[in-house]
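Note that this note's numbering numbers the sequence shown so that position 169 is 180, with each residue one more than the last. Glycine residues also receive a C-beta, built at the ideal position from the N, C-alpha and C atoms. Values in this document were obtained by computation on a predicted structure and should not be read as measured data. What follows is a set of notes on a single structure, which appears directly below.
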Amino acid sequence: MAAFHDVLSDPNTPLGLVAHSGLSIRWGSLSDAKTRLRRHEDINFVNKDESKEKLSEAELIMHQKTAQGWEFALPGISREWGQWMKAADVQSIIEDYTWRTGGSTWSQSPVTTTWDFRQSDPEWGGIQAKSLEEDLMNALQKVNVPVEVMRKKNTVQLMPKGVSKGTAVTQILKELPERMKDNPPVDFALCIGDDIADERMFSALLDFYRPAGNQKQDDESIGHVYTCTVGRKPTEAQFYLNDTKEVVDLLKQLNDKK
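What follows is the structure, given as C-alpha cells:
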C-alpha cells in the first residue's frame with residue numbers, strides 16, 4: 012500500500028489515472044507544459060492564507076487537486092455544484108434513504124455526490140437504490156440543472172452531464188499521440204470492468220478503433236484492442252472473465268510474458 016500511495020501522490024509518475032468516473036484525469040509524466048505551469052501556480056496559490064479565506068471548501072479542494080497534477084473535464088464546475096445540489100434538495104433526499112437503509116452512506120466531493128449501499132442488505136439496498144434513482148431524477152428535472160443520475164454496481168451517483176468513463180477514454184486516445192510525441196503509437200489496449208458504468212468505456216474504446224463501416228460483430232478483428240467484462244452478462248465488451256480472481260490471473264500471465 013505504501014508503494015501505491017507513493018504513485019498516487021507523485022504527479023510525475025508514468026502511471027496515468029482517471030477519477031470520478033472520467034471527470035478528472037492525471038497524465039503523470041505525460042502532462043503538457045500548460046498543466047505543469049498551472050500546477051506550480053496552484054501550489055503557490057493554496058499555500059497562501061488569503062486564498063483559504065476567499066475560497067469555498069469545494070473550490071480550495073479543486074485547486075489542491077490541480078496542484079497535484081489533476082485536470083478536469085469541466086473546469087469551474089465546483090462553483091456551481093453545491094448550488095445545483097441545494098436547488099434540487101439532494102441532501103435531504105439522500106439523507107432520508109441513508110437513514111432507512113442500514114449500512115448505507117453518502118458523500119459529496121466538489122463535483123460529485125454519491126450514495127453507497129455496498130454494506131447494506133443486497134436485496135433491500137437494490138430496491139432502495141432504484142427508488143432513490145427515480146426520486147433524484149424527478150428532483151433534478153424540476154429545477155432543470157445539467158446533472159445526471161448514474162446507477163452503478165453498489166452506488167447511485169450524481170455527475171455533471173456529458174462526462175463518463177467513455178468520454179475520458181475518447182479524450183485520452185485523442186490526446187495520446189501529441190503527448191507521446193516520438194514514442195510509438197498504442198499497440199495494445201486492455202479494458203476491464205465489472206460495472207454498468209463501464210459499458211460506455213467499452214463502447215468508446217471499440218468505436219475509436221473500429222474501422223469505418225465495420226459492424227459491431229466484427230470487433231474481435233480489432234487485433235490490438237481487448238474489452239472484457241467481469242461476470243457473464245449482456246455487455247458491449249468482446250470478452251468476459253468469471254470473477255476478480257481470473258482478472259488477477261490474466262494480469263499475472265501478461266506480466267510474465269513481457
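For residue i, which residues of its own chain have a beta-carbon under 8 angstroms away from its beta-carbon, when the five flanking residues on both sides are left out?
i    : result
D132 : G113 and G114
T246 : E210, F213 and T240
Please classify residue i: does DSSP put it in a helix, a strand, or coil?
i    : result
W38  : coil
V174 : coil
F250 : strand
Q168 : strand
V160 : strand
Q119 : strand
A99  : coil
V197 : coil
W81  : coil
D21  : coil
L28  : strand
T124 : strand
K268 : coil
G204 : strand
T112 : coil
Name the residue from the options whose alpha carbon lies nearest to the alpha carbon of residue i.
i    : options                   : result
G177 : I207, W135 and G93        : I207
L143 : G27, Q119, R129 and Q168  : Q168
D198 : G204, R162 and L187       : L187
E106 : L147, G137, R90 and L85   : L147
V258 : K268, G242 and T246       : G242
E134 : P171, N165, T24 and I104  : N165
Y108 : N149, F128, P171 and S120 : F128
T240 : A215, D205 and K163       : D205
A248 : I203, E189 and N266       : I203
M170 : Q182, L85, I183 and L261  : L85
I104 : W92, Q94 and W117         : W117
V29  : L201, L261, I183 and P196 : I183
A150 : W95, E91, N23 and L201    : W95
K141 : Q130, V154 and R162       : R162
L201 : L261, S120 and E145       : L261
H31  : S120, E91, Q130 and E189  : S120
With 16 as the cutoff for other CB atoms within 10 Å, does residue i come out buried or exposed?
i    : result
H235 : exposed
Q152 : exposed
Q139 : buried
M191 : exposed
F83  : buried
L252 : buried
L217 : buried
W110 : exposed
S42  : buried
H51  : Residue confidence for H51 is low, a pLDDT of 47 falling below 50, so the modelled location carries little weight and cannot support an answer.
D53  : Any reading at D53 is ruled out, since the residue's pLDDT is 48, under 50, leaving its predicted position unreliable.
K185 : exposed
Which same chain residues end up closer than 6 angstroms to residue i when comparing Cβ atoms and leaving out the 5 residues on each side of it in sequence?
i    : result
S35  : W81 and F83
W38  : G27
A215 : G177, V180 and T181
G33  : V174, S175, K176, T178 and A179
L265 : none
Y237 : L201
Go through its chain and collect everything with a Cβ distance to residue i's Cβ below 7 angstroms, but skip five positions before and after it.
i    : result
T255 : V241
I88  : V122 and P171
S40  : N23, T24 and P25
F219 : T181 and L184
Is there a Cβ of chain C sitting closer than 8 angstroms to that of residue i, yes or no?
i   : result
R90 : No chain C appears in this structure, which consists of one protein chain only.
Open item on the list: With three or more C-beta pairs closer than 8 angstroms as the rule, is the segment 208-215 touching the segment 117-132?
Closed with: no
Task: contact_flag[the segment 140-159, the segment 98-118] where n(CB pairs < 8 angstroms) is 3 or more - done: yes
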